[in-house]
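Q: To convert a position in the sequence shown, counted from 1, into our numbering, add 1165. The structure is given below, and queries will be raised subsequently.
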Amino acid sequence: MKIAMVGSGYVGLVSGACFADFGHDVVCIDKDQSKIDRLHDGVMPIYEPGLAELVGANVKAGRLTFTTSLAEGIKGADAIFIAVGTPSRRGDGHADLSFVYAVAKEIGESLANDAVIVTKSTVPVGTGDEVERILADSGTSHRFAVVSNPEFLREGAAIGDFKRPDRIVIGAEDDFGRDVMREVYRPLFLNESPILFTGRRTSELIKYAANAFLATKITFINEMADLCEKVGADVQDVSRGIGMDNRIGAKFLHAGPGYGGSCFPKDTLALLKTAEDFDSPTRIVEAVVKVNDSRKRAMGRKVLDALGGADNARGKKVALLGLTFKPNTDDMRDSPAIAVAQTLTDAGVEVAAYDPEGMEQARPLMPEVTMVEDPYAAIDGAHAIAIVTEWDVFRALDFNRIKDLAKAPVLVDLRNIYRPDDVRALGFDYSSIGRIFREA
């Protein structure tokens, strides 16, 4: 089949490369000429493990190409995917659908054959109806169907998620759309990947409901971590204890500084706005958003406490290890590190930071933070060290070297990657999230 992918960002590029690897002929389309030029040169616009190799192999095989021309890119395509951004709209939190609708209009004006138009972008309920109306109003004489096919990709593990998905959700209103989508995903039949066919509006809501539920699990265990610190319990044991219940499951029960990234923050807000529009309030999601926002600043205050409190922090130095919202990505969107750093600099703290992939993206977001070339450069002269993102490179730090470099052996582990007893036995003042220290 021929597939056109409109949008060559995170979702579009990963999806396009994986479809090409399945054997489809894929054209990735983007209006950003510099991005397309870089892709032709093998330079990825994002960091995702294995993506450069996957793109390179399929470009070499002739199955994956890039263009800035939508009209040329969609010519002869059986399925045209819309994979453009839907950021939170300034001022009200609604998903900004202007890019989606602009692409739909251009597709309608350029369509040269029968095709299925697939919304891959995360969009509120009813967006597919509007895309269908836009296409119909374009005056095209060709048959089309509008389908919802939300993505469920984890940054840092996106290729594996695409090729071995938990499920494929397809929201279609007619046999034409369903038949084409079955053919698009036929290569995954060998893996027996479950495909759920629903109505289009149901499919659109599934994406938001899934992300809101995962965000709720994260926020729940973070609140349990706070309670653990008050009552003298261990949140990691609590997480294991409840996660062993099959009805709950162990995933997304890791206490930390709060969720961030490109999906959970904007999708929970968009779901809230949809619920408001339909007069069906989602109180649990409202609480999740509020608690998560306040938690990020609270983690900055936790680091200040390790310095002896905000009144004693001015002029001291903190080393921030990890800036991206999670490891194996360069995504800084809504990263907890931003709020942590801002809380520290507001208190007059000097902040030096290191991240394996995210520093270029972090610089404009953290102008008062000094970016350095490795973890130990950040630690040099620091009065406290804070682990904000659980990159593997931070899991085996040389604590003897840290003692020599730092002005004080103080470690705030916001990801619980070390054992409290082990680090304290090395002479460190160690604090983490929701865990107790038992004296020998």
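All C-beta atoms in this analysis are idealised placements derived from N, C-alpha and C, irrespective of residue type, glycine included.
1) Note down the Cα distance separating residue 1143 from residue 1495, rounded to an integer number of angstroms.
2) So, are the CB atoms of residue 1186 and residue 1219 less than 8 Å apart?
3) Taking the beta carbon of residue 1443 as the centre, do at least 16 other beta carbons fall within 10 Å, making it buried, or is it exposed?
4) Expressed to the nearest angstrom, what Euclidean distance is found between the alpha-carbon atoms of residue 1419 and residue 1379?
5) Let me confirm a value: residue 1522 is counted as buried when at least 16 other C-beta atoms fall within 10 Å, else exposed. Which label applies?
6) Within the same chain, show all residues whose beta-carbon is closer than 6 Å to that of residue 1593, passing over the 5 residues directly before and after it, in chain order.
7) Would you kindly work out how many angstroms separate the C-alpha atoms of residue 1263 and residue 1369, rounded to a whole number?
8) Within this structure, are the beta carbons of residue 1518 and residue 1534 separated by less than 8 Å?
9) Closer than 6 Å by C-beta to residue 1209: which residues in its own chain qualify, once you throw out the five before and the five after it? Chain order, please.
10) Mark residue 1235 as exposed unless 16 or more other C-beta atoms lie within 10 angstroms of its C-beta, in which case mark it buried.
11) For residue 1282, count neighbouring C-beta atoms within 10 Å of its own C-beta (all shown protein chains included) and say buried if the count is 16 or more, exposed if not.
12) Suppose the cutoff is 7 Å on Cβ atoms and the five residues either side in sequence are ignored; what does the same chain contact list for residue 1214 look like?
13) What alpha helix (DSSP H) runs, 4 residues minimum, are completely inside the stretch 1413-1491?
14) Find out if the Cβ-Cβ distance for the pair residue 1238, residue 1194 is shorter than 8 Å.
15) Across which residues does DSSP place residue 1266 in a beta bridge pair?
16) Consult DSSP for residue 1184 and reduce its assignment to one of helix, strand or coil.
17) DSSP state of residue 1350, grouped into three classes?
18) Where does residue 1519 sit, in a helix, a strand or coil, going by DSSP?
19) Going by alpha carbons, who is nearest to residue 1227 out of 1265, 1196, 1167, 1586?
20) Fully enclosed by the stretch 1208-1264, which beta strand (DSSP E) runs are 3 residues long or longer?
21) How is residue 1595 classed by DSSP in three states: helix, strand or coil?
22) How many Å lie between residue 1144 and residue 1316 at the Cα?
23) CB-CB under 6 Å to residue 1279, same chain, minus the five flanking residues each way: which ones, in chain order?
24) Assuming residue 1365 and residue 1336 make a contact with CB atoms under 8 Å, what is their CB distance in whole Å?
A: According to the structure shown:
1) Nothing about residue 1143 can be reported from this structure: the residues present for the chain run from 1166 to 1605 only.
2) Position 21 of the sequence shown holds residue 1186. Position 54 of the sequence shown holds residue 1219. It is a contact, given that the beta carbons lie within the stated cut-off.
3) Counting from 1 along the sequence shown, the entry for residue 1443 is found at position 278. Its Cβ having fewer than 16 others within 10 Å, residue 1443 is exposed.
4) As a working note, residue 1419 is residue 254 in the sequence shown. As a working note, residue 1379 is residue 214 in the sequence shown. Cα-Cα distance, rounded: 11 Å.
5) Translated into the one-based positions of the sequence shown, residue 1522 becomes position 357. By the neighbour-count rule (16 or more Cβ atoms within 10 Å), residue 1522 is buried.
6) As a position in the sequence shown, residue 1593 is number 428, starting the count at 1. Closer than 6 Å at Cβ, skipping near neighbours: 1574, 1576.
7) As a first step, residue 1263 must be located in the sequence shown, where it is residue number 98. As a first step, residue 1369 must be located in the sequence shown, where it is residue number 204. Looking at the two C-alpha atoms, the distance is approximately 17 Å.
8) Residue mapping note: residue 1518 aligns to position 353 of the sequence shown, counting from 1. Residue mapping note: residue 1534 aligns to position 369 of the sequence shown, counting from 1. Yes, they are a contact pair.
9) Within the sequence shown, the letter at position 44 stands for residue 1209. Same-chain partners within the cutoff: 1216, 1217.
10) Position 70 of the sequence shown, counted from the start, is the residue given in the question as residue 1235. Counting Cβ neighbours within 10 Å, residue 1235 comes out buried, since at least 16 surround it.
11) The sequence position of residue 1282 within the sequence shown is 117, counting from 1. Residue 1282 sits buried, since 16 or more C-beta atoms from the chains shown fall within 10 Å of its C-beta.
12) Position 49 of the sequence shown, counting from 1, holds the residue named residue 1214. Only 1321, 1493 meet the Cβ criterion.
13) 1429-1442, 1448-1471
14) To locate residue 1238, count along the sequence shown from 1; it is residue 73. To locate residue 1194, count along the sequence shown from 1; it is residue 29. Yes.
15) As a first step, residue 1266 must be located in the sequence shown, where it is residue number 101. DSSP lists no partner for residue 1266.
16) In the sequence shown, the residue the question calls residue 1184 occupies position 19. Helix, per DSSP.
17) Mapped onto the sequence shown, residue 1350 falls at position 185. Three-state result, residue 1350: coil.
18) Against the sequence shown, residue 1519 aligns to sequence position 354. DSSP places residue 1519 in strand when its eight states are reduced to three.
19) Within the sequence shown, residue 1227 is the residue found at index 62, counting from 1. Nearest option by C-alpha distance: 1167.
20) Fully enclosed beta strand (DSSP E) runs of 3 or longer: 1229-1232, 1244-1247.
21) On the sequence shown, residue 1595 is found 430 positions in, with the first residue counted as 1. Residue 1595: strand per DSSP, three-state reduction.
22) Nothing about residue 1144 can be read from this structure; the chain reaches only from 1166 to 1605.
23) The sequence position of residue 1279 within the sequence shown is 114, counting from 1. Around residue 1279: 1307, 1308.
24) Your numbering for residue 1365 matches position 200 in the sequence shown. Your numbering for residue 1336 matches position 171 in the sequence shown. Indeed they touch by this definition, with Cβ atoms about 4 Å apart.
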